[in-house]
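**Q**
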Amino acid sequence: MDYFEYKNKTLYCEEVKVEDIIAEVGTPAYIYSKNAIISRYQEIEDAYRDVNTTICFSVKSNSNLAICKALADEGAGFDVVSGGELFRALKAGGNPSNIVYAGVGKSDGEIRYALENDIFMFNVESQAELKHISALAVKAGKTARVALRINPDIDAKTHAKTTTGKKENKFGIDFTAAEKIMKQSGKYPNVDLCGIHVHLGSPIYSADPYAQALKKVSEFIQRCRKMGRNIEYLNVGGGYCISYTGEEVMRPADYAAKIIPFVKEMQCNMVMEPGRFIVGNSGILVTRVLYTKEASFGKKFVVCDAGMNDLIRPALYDAFHRMWPVTTNVKMPAVEMPGDKVVKKGMEVVDVVGPVCESSDVFAKDRALPKLDEADLLTIFSAGAYGFAMSSSYNSRPRPCEVLVDGKQFRVTRKRETYDDLIRGEVR
Ligand code: LLP
């Protein structure tokens, strides 16, 4: 829980009491620690000092402008997957020459927008897309730098819904098809085929899948070079894990130890696209208990004012997020694994649920928590990545506000939505 710490029985984000923030902004609210974000970014920088690396923050994990700006100020580039994300990255002060653009379905309009802004590189996922980029680049009088996204058919051993590098996944191009494209590069005028991209999935709790993929990729790069293709860039994607349980997990330096030798051997410049590692443990979602209810057969529910529309990961992936009251006499254990049900004095086993009209609107099932009452504040940890970014206004629920803490200061970096926001653009 980097930069989130209990002092005198109440949770702080950096030097600010979470209770004080909530008193001002209400619930539900996403709260991020700026210094946690920066220190994690720097940890990646340090791990890859040995090779020439462009770190492109994956905007999809958390696209708040203030967070993107903080990272741009640190020198980060951006990994975008839509015209909208490119717009955000530019608005945040991102330097186009450090922006990479992936995704299996880029529209002509999006490609044109990226060409106009002279982005660093397109990560291209099909031959059809390459044809479009080439034709649009000719029209615009530009040269598009391209990395072919390879699907290396490697199992990253993560959730089926977030695995991207197996051959049945929609992402990337298999080696045989990619080799054909490389051989016929003359068919794609105004395209500079100068890179290879792989992204295996997320989160990946071992460096082995990276090593397996890079072994195949290095053989492929050698074949490309033999054909006279000048492969200068190797983009290893994202996927670094974070701890959702409090357990120690792999850190960037552990992955680097396996990845860097390949990059050096291939004499490539490296590009990477971390998202979750930078923001995941740097943010929390704070919700207020609306009601508690007990079924006659004994099951207890804690009903909160945040729902699956605000944080969809538990409903979508059965993801485990630690929770604990913002203020409590009971000490939060250092580690809690899914299924642990350690009920100490002052605790009980409950289901934590939201108000959305779906049975999947459950943040935790049978979770041992300090006893919660109406109006208590509850923290959902590790919510900084794919939290607000995946939120919606389903059930016509205005989306929460976002707050950025920096030392003793905090500021709202996205206002809570209003009912008027809900119907903006609609006509009756
Ligand atoms: N690069 C590409 C091409 C990606 O598709 C992704 C994530 C990343 C980089 C960043 O991966 P990261 O470093 O954050 O692991 N919504 C899911 C995760 C989906 C990831 C999609 N792609 C979740 O909440 O777990």
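By the working numbering, the letter at position 36 of the sequence shown is numbered 965, and the numbering carries on one by one without gaps. Ideal Cβ positions, reconstructed from N, Cα and C, are used throughout, including at glycine.
Which runs of the beta strand (DSSP E) at least 3 residues long sit entirely within the stretch 1253 to 1300? Give them in chain order.
**A** Qualifying beta strand (DSSP E) stretches, in chain order: 1276 to 1282, 1291 to 1299.
**Q** Using CA atoms only, rank isn't needed, just tell me which of 1170, 1187, 1101 is closest to residue 1179.
**A** Minimum Cα distance to residue 1179 is reached at 1170.
**Q** Are the beta-carbon atoms of residue 969 and residue 1207 separated by less than 7 angstroms?
**A** Contact flag set, yes.
**Q** Report buried or exposed for residue 1241, applying the criterion of at least 16 other Cβ atoms within 10 angstroms of its Cβ.
**A** Classification of residue 1241: buried, given that the 10 Å Cβ count is 16 or more.
**Q** Is the stretch 1201 to 1215 touching the stretch 1259 to 1270 in the sense that three or more CB pairs, one from each, lie closer than 8 angstroms?
**A** No contact exists between the stretch 1259 to 1270 and the stretch 1201 to 1215.
**Q** So the beta strand (DSSP E) residue 1173 belongs to, where does it begin and stop?
**A** It is not in any beta strand (DSSP E) - residue 1173 carries neither H nor E in the DSSP assignment.
**Q** In terms of DSSP beta bridges, what is residue 1210 paired with?
**A** Beta-bridge pairing links residue 1210 to no other residue.
**Q** Return the CA-CA distance between residue 1005 and residue 971, expressed in angstroms with no decimal places.
**A** Looking at the two C-alpha atoms, the distance is approximately 10 angstroms.
**Q** Check whether the stretch 1276 to 1286 and the stretch 1225 to 1238 touch, using three or more Cβ-Cβ pairs below 8 angstroms as the test.
**A** Yes, since at least three Cβ pairs between the stretch 1276 to 1286 and the stretch 1225 to 1238 fall closer than 8 angstroms, the two stretches touch.
**Q** Is residue 1205 near the ligand LLP, going by C-beta to nearest heavy atom under 6 angstroms?
**A** Under cutoff, so the answer is yes.
**Q** Can you tell me which of the three DSSP states residue 974 falls into?
**A** Three-state result, residue 974: helix.
**Q** Go ahead and pull the three-state DSSP assignment for residue 1153.
**A** Three-state result, residue 1153: helix.
**Q** Under the rule that 16 or more other beta-carbon atoms within 10 Å means buried, what is residue 963, buried or exposed?
**A** Buried is the call here.
**Q** Can you tell me where the beta strand (DSSP E) with residue 961 in it begins and where it stops?
**A** From DSSP, the beta strand (DSSP E) with residue 961 extends over 958 to 962.
**Q** Residue 1308: which of 940, 1146, 936 sits nearest, CA to CA?
**A** It is 940 whose Cα lies nearest to the Cα of residue 1308.
**Q** Kindly provide the ranges of any alpha helix (DSSP H) runs that are 4 or more residues long and lie completely inside the stretch 991 to 1069, ordered along the chain.
**A** If we require 4 residues or more, the alpha helix (DSSP H) runs fully inside the stretch 991 to 1069 come out as 994 to 1002, 1012 to 1020, 1037 to 1045, 1056 to 1069.
**Q** List the residues that DSSP assigns as beta-bridge partners of residue 1076.
**A** Residue 1076 is bridged to 1052, 1124.
**Q** Leaving out five residues on either side along the sequence, give the residues of the same chain with a beta carbon under 7 angstroms from the beta carbon of residue 1350.
**A** The residues are 1327.
**Q** Measure the alpha-carbon distance for residue 1085 versus residue 1131 and round it to whole angstroms.
**A** Spanning the two alpha carbons is a distance of roughly 8 angstroms.
**Q** What does DSSP give as the partner residues of residue 1130 in its beta bridges?
**A** DSSP lists 1092 as partners of residue 1130.
**Q** Quick one: residues in its chain with C-beta nearer than 8 angstroms to the C-beta of residue 1136, no 5 flanking neighbours on either side, listed in chain order?
**A** The answer, listed in chain order, is 1179, 1183, 1184, 1186, 1187, 1188.
**Q** So does residue 1084 have its beta carbon nearer than 6 angstroms to some heavy atom of the ligand LLP?
**A** Because no heavy atom of the ligand LLP lies under 6 angstroms away, the Cβ of residue 1084 does not count as near it: no.
**Q** Can you say whether residue 982 is buried or exposed, counting buried as having 16 or more other CB atoms within 10 angstroms of its CB?
**A** Buried, by the Cβ-count rule.
**Q** Return yes when at least one heavy atom of the ligand LLP lies under 6 angstroms from the C-beta of residue 1247, else no.
**A** Residue 1247 Cβ: outside cutoff for every heavy atom of the ligand LLP.
**Q** Taking the alpha-carbon positions, what's the residue 930 to residue 1335 distance?
**A** Because the pLDDT of residue 930 is 49, which lies under 50, any placement of that residue in the model is unreliable, and the number read from its coordinates should be weighed accordingly. C-alpha separation (whole angstroms): 16 angstroms.
**Q** For residue 1320, I'd like the list of residues in its chain whose CB is within less than 8 angstroms of its CB, leaving aside the five on either flank, ordered along the chain.
**A** Excluding positions up to five away in sequence, the list reads 1238, 1239, 1240, 1241, 1328, 1329.
**Q** Report the three-state DSSP secondary structure of residue 1184 (helix, strand or coil).
**A** Here residue 1184 sits in helix by DSSP.
**Q** Take every Cβ of the stretch 1092 to 1102, pair it with every Cβ of the stretch 1067 to 1074, and state whether three or more of those distances are shorter than 8 angstroms.
**A** No contact exists between the stretch 1092 to 1102 and the stretch 1067 to 1074.
**Q** Within 10 Å of its beta-carbon, does residue 1057 have 16 or more other beta-carbons around it, so buried, or fewer, so exposed?
**A** Flag for residue 1057 reads exposed.
**Q** What residue from 1155, 1077, 1063, 1147 has the CA that sits closest to residue 1115's CA?
**A** Per the Cα distances, 1063.
**Q** Given that a residue counts as buried once 16 or more other Cβ atoms are within 10 Å of its Cβ, and exposed if not, what is residue 1289?
**A** The residue in question, residue 1289, is exposed, as its Cβ has fewer than 16 Cβ neighbours within 10 Å.
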